[in-house]
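Numbering (the numbering used here), first residue to last: 6 to 754.
Written out as structure tokens, the structure reads:
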């Protein structure tokens with residue numbers, strides 16, 4: 006309906022093009038409003054977007070936003086914090102020059118107000134990790150922070166901050182800024198060509214509103230790198246409280262919005278604003294307005310917006326509805342917004358992570374008349390993470406698809422040809438399926454962590470490389486080779502259950518299991534030869550690091566087997582006098598961490614890192630792999646076990662793990678002697694009551710909490726060293742939380 010009954014009842018719309026208020030200047034043709042600062046409001050922004058063109062530079066789209074935050078709600082300039090966003094898009098190349106700049110003190114303010122964010126449904130551990138990384142290492146690239154404060158003149162509003170100047174005078178708006186990365190500079194003068202309209206109390210409820218002043222049409226004259234340019238622009242100025250972001254001043258529910266500002270070729274201008282719950286997508290409220298010189302302003306709240314096409318960012322993995330269809334049934338209006346290029350994402354500081362702020366073209370109709378225009382589409386709030394597990398699950402799904410593509414569960418002759426080559430042909434694909442594919446997929450399809458490939462993908466992205474091109478390598482190689490090692494480990498350990506089901510050698514026979522496992526060791530190396538994006542030197546490096554990993558893994562397994570097979574009281578006493586704890590950690594480095602190290606090296610090979618960066622990545626992978634094995638040892642003594650597993654399985658098998666050796670260090674006699682006696686006696690270990698006694702002694706010793714603390718400290722120290730070399734980035738934040746969660750599978754601190 007085209008009435009105001011569905012708009013918040015206090016909404017007021019005024020044409021202020023000739024209203025005499027503080028800060029009004031007389032100008033040629035139209036009066037210029039000074040757009041002054043409103044210090045009584047905690048949130049305010051000035052927003053300019055448009056396009057320009059020059060003879061040699063061609064057509065460009067741009068946006069500049071200046072945000073003012075008074076997070077302490079003091080109502081005085083010294084407590085204000087400023088943030089600036091600048092983007093200049095070249096649609097011919099898709100290159101988008103982006104500046105995302107914050108005052109340095111915003112980081113402290115964000116930390117101070119973390120409790121307000123914690124009252125939301127945001128993933129709390131991610132929020133804490135983000136703030137911790139921000140304070141310790143700075144913002145993720147390309148966001149920058151500046152100690153230097155902007156210079157502000159409140160009325161008329163003028164803003165000077167390094168290269169960015171925004172100034173209002175009696176001839177219009179003067180705007181100048183540098184293009185990030187290129188060193189180019191834009192200098193524009195914006196002269197209004199439309200009336201200024203003020204919409205008051207726009208928002209999602211009585212206490213969640215802003216005043217919205219809009220000037221939809223300006224003409225641009227100016228220069229880019231000294232070349233004359235002309236164009237058009239749209240200007241908005243908004244002020245109010247934090248209600249567009251949060252349901253209460255001290256937190257509550259988060260909000261997001263889709264905003265579209267449309268300039269029609271017919272002279273009409275449109276605003277469409279839809280507020281939604283970013284967690285579930287539910288619409289909270291809608292508002293739309295149509296402006297045209299010489300005509301009454303029309304407002305609407307009954308309209309529909311449907312996504313036409315989505316785009317997922319390679320950098321943040323945020324999914325945005327970048328093409329949309331808007332319909333107003335009452336006036337038979339239909340608008341389709343299609344971006345001039347898909348990637349118009351802008352990183353921002355804070356848990357929102359990024360917004361999509363892009364130039365679009367508009368086609369459609371109003372009544373019986375065709376409609377064409379240009380628009381700016383703003384998609385805010387899509388980057389919030391409410392469930393980090395779901396974020397990681399998206400990576401796991403990518404990994405699973407890669408494995409299914411490389412090694413189909415139901416392969417045909419062509420799949421075997423792809424894997425072994427056409428030289429001799431495939432005579433019996435059914436036999437190969439029964440003896441290799443079925444056993445492999447039996448284990449692959451069971452619940453697993455997939456932590457090695459997830460680690461590889463996040464690490465590669467932390468090194469600044471898009472992981473999609475290499476996801477097959479980083480998914481298939483570590484996961485298939487790890488699956489092979491599990492099958493062999495179970496045979497060597499005489500295990501019965503793996504991942505809650507029968508071990509592969511018990512189900513298919515030892516001969517089939519060994520052959521399938523060995524095949525999984527070597528099969529992924531097919532990718533080293535066939536991957537289209539690897540150089541010859543990279544192929545050689547992949548072969549080297551994979552075989553190094555195999556050698557170290559088998560040496561580590563040999564050491565583990567030796568201790569288990571030769572476990573007796575005499576040997577144990579001798580071993581404990583010979584730095585046994587350190588030897589166990591070294592064995593873990595070979596047996597468990599070698600795969601993580603190979604994954605880290607693979608990422609560094611693909612990223613072409615320096616030796617210094619490679620060393621830091623390998624050191625962190627080593628610490629993570631060792632720490633993961635320690636945590637896995639702890640799990641053996643916890644009451645809650647995976648289906649089919651029993652508490653104390655390491656003790657029952659007579660394995661000398663780090664947890665057990667630390668328990669022996671921590672216990673006093675006679676408890677230490679009794680645990681040694683149980684560990685060294687197969688007869689005692691196999692007696693359920695005696696095994697329970699041994700488990701109780703391990704728990705009593707305090708080794709579980711001590712080893713957990715050591716594992717976390719080990720990775721924390723390695724992370725500090727890693728972070729001195731690898732710069733901040735969003736994937737690096739995700740990597741940090743992922744590895745933290747990996748070491749807290751039961752949520753223990």
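Positions of the beta carbon are idealized from the N, C-alpha and C atoms, including for glycine. Computed from a prediction, not measured in an experiment: that's the story for all the values here.
Residue 38 is positioned such that its CB atom lies no closer than 8 Å to that of residue 222.
Rounded to whole angstroms, the Cβ separation of residue 100 and residue 234 is 17 Å, and the two are not in contact under 8 Å. Sequence-distant partners of residue 374 (beyond 5 residues in either direction) whose C-beta falls short of 8 Å from its own C-beta, in its chain, are 271. Residue 704 and residue 578 have their C-alpha atoms spaced approximately 22 Å apart. For residue 196, the enclosing beta strand (DSSP E) has its first and last residue at 190–197. Counting the other CB atoms within 10 Å of its CB gives residue 410 a total below 16, which places it among the exposed residues.
Counting C-beta pairs closer than 8 Å gives three or more between the region 227–243 and the region 46–66, which meets the contact rule. DSSP, reduced to helix, strand and coil, places residue 74 within a strand of the structure shown. Distance from the CA atom of residue 356 to the CA atom of residue 389, rounded to whole angstroms, is 6 Å. Per DSSP, the continuous alpha helix (DSSP H) segment holding residue 580 begins and ends at 574–581. The C-beta of residue 315 has fewer than 16 other C-beta atoms within 10 Å across all chains shown, which makes the residue exposed. Nearest in C-alpha terms to residue 513, of all of 734, 497 and 492, is 492. For the pair residue 607 and residue 626, the CB atoms are not nearer than the 8 Å cut-off. Close CB contacts of residue 192 within its chain, under the 7 Å cut and outside five residues either way in sequence, are with 181, 227 and 228 (chain order). Counting the other Cβ atoms within 10 Å of the Cβ of residue 663 gives 16 or more, which makes it buried. One thing to note: residue 341 has its Cβ within 8 Å of the Cβ of residue 313.
Classified as exposed, residue 675 has fewer than 16 neighbouring CB atoms from the shown chains inside 10 Å of its CB. Ranked by Cα distance from residue 619, the options 729, 414 and 687 are led by 729. In the structure shown, residue 731 falls within a coil segment according to DSSP collapsed to helix, strand and coil. Pairwise C-beta distances place the region 559–569 out of contact with the region 529–546, as fewer than three of them are shorter than 8 Å. Residue 584: not part of any beta strand (DSSP E); DSSP gives it neither H nor E. Going by DSSP, residue 401 is part of the alpha helix (DSSP H) stretching over 393–411. Residue 276 is bridged by DSSP to 266 and 294. Collapsing the DSSP output to three states places residue 501 in coil.
For residue 308, the number of other beta carbons within 10 angstroms of its own is at least 16, and it is reported as buried. Distance from the CA of residue 547 to the CA of residue 277, rounded to the nearest whole angstrom, comes to 52 Å. Counting C-beta atoms within 10 angstroms of its own C-beta, residue 290 has 16 or more neighbours from the protein chains shown and is therefore classed as buried.
Of the residues assessed, residue 450 falls on the exposed side of the cut-off, its CB having fewer than 16 other CB atoms within 10 angstroms. Restricting attention to 476, 550 and 380, the CA atom closest to the CA of residue 404 is found in 476.
Look at residue 443 here: in three-state DSSP terms it is helix.
DSSP, reduced to helix, strand and coil, places residue 651 outside both helices and strands of the structure shown, so it counts as coil.
Counting C-beta pairs closer than 8 Å gives three or more between the region 39–52 and the region 237–245, which meets the contact rule. The region 371–387 makes no contact with the region 721–738, as fewer than three CB pairs between them are under 8 Å. Nearest neighbour of residue 641 by Cα position, chosen from 536, 653, 298 and 507, turns out to be 653.
Here residue 625 carries a helix assignment [DSSP, helix/strand/coil].
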